[in-house]
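Participant: For the sequence shown, the positions run 1 to 393 when full-length UniProt numbering is used.
Idealized CB from N, CA, C, for every residue including glycine.
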Amino acid sequence: MTVTDLPTSDTKLDLPPLKLGNITVDTPVILAPMAGITNTAFRRLCREHGGGVFVSEMVTSRALVERTPESMRLISHDEDEKIRSVQLYGVDPETVGKAVRMLVEENHADHIDLNFGCPVAKVTRRGGGAALPWKLDLFTSIVQTAVREASKGGLPLTIKMRKGIDEDHLTYLEAGRIARDAGVAAVALHGRTANQFYSGQADWDSIARLREALPDVPVLGNGDIWSAEDAIAMVRQTGVDGVVVGRGCQGRPWLFGDLMNAFEGSDERHKPGMAEVSAAVYRHAELLVDTFDDENKALRDIRKHMAWYFKGYVVGGELRAKLSTVPTLDALRELLDQLDMSEGYPGVDAEGPRGRAGTPKRTALPAGWLDARTLSGGQKDELVGAELDVSGG
Ligand SMILES: Cc1cc2nc3c(=O)[nH]c(=O)nc-3n(C[C@H](O)[C@H](O)[C@H](O)COP(=O)(O)O)c2cc1C
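Right, dumping it as structure tokens:
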């Protein structure tokens, strides 16, 4: 399908199920990997509402190969997760290969995604994250190795990337072709450069260009899908085979129900009142207690979700402050009981952008990084540090 053949808004969108290698995903929707968010608890809440693939938080290949307790938690799944999806991040082909082999041989995953989108300075400064695809030799080697190891177990391997470092140093078309030639099952593009961080608007035209450039592999679009209508609009505008949804579902796991309905042609949308949102918050906290096996840690974690869940709902300032420091499940129950459970759905105030935004800034890079498209010896040594103490994309 080319962009000119795309259905207009008057025609029904008839998107076939998404094929990721041997996996058929009936609802062509992916929960974007989000460090600190897409743990087993949140994935459960999301998949209870609708279909799709629900990707883990990113795990670094080095930590995984070393079997650190945290990395083993990151790759764990609930028994009823049908498509166990793990996102890996790594900068060294050999270590990435070992990590993929471990996931395959020990049967930890059904799908593996590789992260090439992290814009955080401490990662890009050493040549990792969104800076990495600039080095074509390294990028090619990582993707080829990962695909080769994944294919031994018949697992689909996908990549997720940004447009590039900045508008003058775009990498996505070349990286997409390399990944396609290496045999990936799909390519996902977040329509921002690393410089943009999460600011401004995702450039869906770049997603359309990638779709056109890679007619022979599924392309997934990512960036600024806040509603089911946005998802449909992205498919219409770009021709992608599926959508990747991140911040839009923070505090709104029911968005996956809306997305499923929309892709099935239904106008039905979930419009929870206060009682339902409050119940979801409590359940999320309970599930986090299971995830971490630590009430204190779970309650610290749920606090960041409060503003997202209650966006647009009437919650007094004092209560909001208490919710954002809530220490125990019992205290959470008491605070939630003070809310007005008769409040209905607030409408648009509960919708729209949420979560990380940031301001554009020049991406930190190793000295001379942009001078050549291949890796120098010194840069190789520095890269090791690009995988330490990392989370997020
Ligand atoms: C809190 C947070 C954590 C993230 N962690 C990751 C990650 O671990 N791996 C990754 O590839 N992207 C990560 N991202 C990027 C998202 O997957 C997604 O590409 C980005 O948020 C744009 O999509 P959106 O507009 O739907 O949010 C993260 C984003 C946020 C907001």
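Can you look up F54 in the DSSP assignment and give me helix, strand or coil?
Facilitator: As a working note, residue 54 is residue 54 in the sequence shown. Correct three-state label for F54: strand.
Participant: Between the alpha carbons of D203 and R192, how many angstroms are there, rounded?
Facilitator: Counting from one through the sequence shown, the residue named residue 203 turns up at place 203. Counting from one through the sequence shown, the residue named residue 192 turns up at place 192. Distance between the alpha carbons of D203 and R192 is about 6 Å.
Participant: Can you tell me whether G393 is buried or exposed, with buried defined as 16 or more other CB within 10 angstroms of its CB?
Facilitator: Sequence index remark: in the sequence shown, residue 393 carries index 393 (1-based). Because the pLDDT at G393 is just 49, under 50, the model does not fix this residue reliably, and the point stays unresolved.
Participant: A146: which of L103, S227, R162 and R247 sits nearest, CA to CA?
Facilitator: To locate residue 146, count along the sequence shown from 1; it is residue 146. When only C-alpha atoms are compared, the closest one is L103.
Participant: Which one of T359, A194, S324 and R101 has the shortest CA to CA distance from P133?
Facilitator: Locating residue 133 in the sequence shown gives position 133, counting from the first residue. For the residues T359, A194, S324 and R101, the minimum Cα distance to P133 belongs to A194.
Participant: Helix or strand or just coil, what does DSSP make of T2?
Facilitator: Walking along the sequence shown from the start, residue 2 turns up at place 2. Note that T2 scores a pLDDT of 49, beneath 50, so its modelled location is shaky; the value from the coordinates is reported in the next line. T2 falls in the coil class under three-state DSSP.
Participant: Within the 8 Å Cβ cut-off, does R211 reach chain B?
Facilitator: Within the model displayed, chain B is absent; a lone protein chain is all it includes.
Participant: At the level of alpha carbons, what is the spacing between E295 and L259?
Facilitator: For the purposes of this step, residue 295 is taken as residue 295 along the sequence shown, with counting starting at 1. For the purposes of this step, residue 259 is taken as residue 259 along the sequence shown, with counting starting at 1. Rounded to whole angstroms, E295 to L259 spans 32 Å at the Cα level.
Participant: Does the Cβ of H284 lie closer than 7 Å to at least one heavy atom of ligand 1?
Facilitator: Translated into positions along the sequence shown, residue 284 becomes position 284. No, ligand 1 has no heavy atom inside 7 Å of this Cβ.
Participant: Looking at C-alpha atoms only, which residue of M72, V240 and T27 is the closest neighbour of A63?
Facilitator: By 1-based counting over the sequence shown, the position of residue 63 is 63. The shortest Cα separation from A63 among M72, V240 and T27 belongs to M72.
Participant: Give me the Cα-Cα distance between D113 and R148, rounded to the nearest whole angstrom.
Facilitator: Locating residue 113 in the sequence shown gives position 113, where the first residue counts as 1. Locating residue 148 in the sequence shown gives position 148, where the first residue counts as 1. Near 14 Å, if we compare the C-alpha coordinates of R148 and D113.
Participant: Quick test of the definition: if touching needs 3 or more C-beta pairs under 8 Å, does the segment 351-371 touch the segment 95-111?
Facilitator: Taking 8 Å as the limit for Cβ pairs, the verdict is that the segment 95-111 does not touch the segment 351-371.
Participant: Report yes if the C-beta distance between Q237 and A262 is below 8 Å; otherwise report no.
Facilitator: If you number the sequence shown from 1, residue 237 lands on position 237. If you number the sequence shown from 1, residue 262 lands on position 262. Taking 8 Å as the Cβ cut-off, Q237 and A262 do not qualify as a contacting pair.
Participant: Would you report the Cα separation of V219 and D241, rounded to the nearest angstrom?
Facilitator: In the sequence shown, residue 219 corresponds to position 219, counting from 1. In the sequence shown, residue 241 corresponds to position 241, counting from 1. If you take the alpha carbons of V219 and D241, they lie about 6 Å apart.
Participant: Going by Cα to Cα distance, which pick from M306, L383, G312 and L255 is closest to E48?
Facilitator: Start at 1 with the first residue of the sequence shown, and residue 48 comes out as number 48. Among M306, L383, G312 and L255, the Cα nearest to that of E48 belongs to L255.
Participant: Using only the heavy atoms of ligand 1, determine whether one of them is closer than 7 Å to the beta carbon of A233.
Facilitator: Translated into the one-based positions of the sequence shown, residue 233 becomes position 233. A233 Cβ: outside cutoff for every heavy atom of ligand 1.
Participant: Which word fits D224, buried or exposed, when buried means at least 16 other C-beta atoms lie within 10 angstroms of its C-beta?
Facilitator: By one-based count along the sequence shown, residue 224 stands at place 224. Label assigned to D224: buried.
Participant: Given that a residue counts as buried once 16 or more other Cβ atoms are within 10 Å of its Cβ, and exposed if not, what is D216?
Facilitator: In the sequence shown, counting from the first residue as 1, residue 216 sits at position 216. That one is exposed.
Participant: Taking 8 Å as the cut-off, decide whether the C-beta atoms of F116 and A130 are in contact.
Facilitator: Within the sequence shown, the letter at position 116 stands for residue 116. Within the sequence shown, the letter at position 130 stands for residue 130. Contact: yes.
Participant: Does the Cβ of Q201 have 16 or more other Cβ atoms within 10 Å, making it buried, or fewer, making it exposed?
Facilitator: Reading the sequence shown from its first residue, position 201 is the one you call residue 201. Under this definition Q201 is an exposed residue.
Participant: Go ahead and label T171 buried or exposed: buried means 16 or more other beta carbons lie within 10 angstroms of its beta carbon, across all protein chains shown.
Facilitator: Position 171 of the sequence shown, counted from the start, is the residue given in the question as residue 171. Classification for T171: buried.
Participant: Quick one: does the C-beta of E57 sit closer than 7 Å to a heavy atom of ligand 1?
Facilitator: Reading the sequence shown from its first residue, position 57 is the one you call residue 57. The answer is yes for E57.
Participant: Out of V29, G51 and S56, which one is the CA nearest neighbour of F42?
Facilitator: If you number the sequence shown from 1, residue 42 lands on position 42. F42 has its Cα closest to that of S56, out of V29, G51 and S56.
Participant: Is H190 near ligand 1, with its Cβ less than 7 Å from a heavy atom?
Facilitator: Here residue 190 is taken as the residue at index 190 of the sequence shown, counted from 1. Checking every heavy atom of ligand 1 against the Cβ of H190, one is found closer than 7 Å.
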